[in-house]
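Peer 1: For the sequence shown, our numbering begins at 32 and goes up steadily by one. The C-beta atom is built at its ideal place from N, Cα and C for all residues, glycine as well.
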Amino acid sequence: MILPYLGKLSQLDNNNNKLLKYYILSSIMLKKQQIKHIILTAILMTIGLIIFKHLPEYVYGNNILFDASQHVTITIFVLYVLYFFIDQNKSWKIPYFIFSAVVIIIISIQRIYSNHHNEIGILLALLISTSSILISHYKYFKNKLKF
32 MILPYLGKLS
42 QLDNNNNKLL
52 KYYILSSIML
62 KKQQIKHIIL
72 TAILMTIGLI
82 IFKHLPEYVY
92 GNNILFDASQ
102 HVTITIFVLY
112 VLYFFIDQNK
122 SWKIPYFIFS
132 AVVIIIISIQ
142 RIYSNHHNEI
152 GILLALLIST
162 SSILISHYKY
172 FKNKLKF
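(1) Can a CB atom of chain D be found closer than 7 Å to the CB of Y91?
(2) Considering only the alpha carbon of each residue, which of V109, H68, K62, Q64 lies closest to I164?
(3) Closer than 6 Å by C-beta to P35: which residues in its own chain qualify, once you throw out the five before and the five after it? Chain order, please.
(4) Give me the Cα-Cα distance between F83 and A99, rounded to the nearest whole angstrom.
(5) Buried or exposed, going by whether 16 or more other CB atoms sit within 10 Å of the CB of L190?
(6) Could you check if I125 is buried or exposed, using at least 16 other CB atoms within 10 Å of its CB as the buried criterion?
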């Protein structure tokens, strides 16, 4: 994926195409940064699911309702990964957020209705997912959030 960009970089004239070089290099770095965010978010979500889903199931048994919903967490992770493709087109952001909210709500209601989780389990999944995403983007949110 990076090799075609590097081939183009070697063919560019230094005097006329500095802006194009900068654009290509920044797009490569942005993709590397996105992959780092995705991997860190996946690791944090996995740790959260181990602590708040699998440990309570191990201690209390498989038929508990207050364990974190793995379905909701995985859904949010998939929607998060898909967001990087939507991020390129600014006009799709708001409809994508609405679509994501509807999907998460439908899955949450289905998990409660099928009696696999209660509200605590759904809230734990939302907490695991949002905190994982926020932690992976800590440098961005560090100066923006003031308490």
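Peer 2: This is what the structure holds:
(1) Absent from the structure is chain D; it holds one protein chain and no more.
(2) As a position in the sequence shown, residue 164 is number 133, starting the count at 1. The option with the nearest alpha carbon to I164 is H68.
(3) Here residue 35 is taken as the residue at index 4 of the sequence shown, counted from 1. Annotation note: pLDDT 49 at P35 (below 50); position unreliable, no value reported.
(4) As a first step, residue 83 is located in the sequence shown; it is residue number 52 there, counting from the start. As a first step, residue 99 is located in the sequence shown; it is residue number 68 there, counting from the start. Between the C-alpha atoms of F83 and A99 there is a straight-line separation of about 6 Å.
(5) Lying before the first or after the last residue shown, residue 190 is absent from the chain, which here runs from 32 to 178.
(6) Counting from one through the sequence shown, the residue named residue 125 turns up at place 94. Counting Cβ neighbours within 10 Å, I125 comes out exposed, since fewer than 16 surround it.
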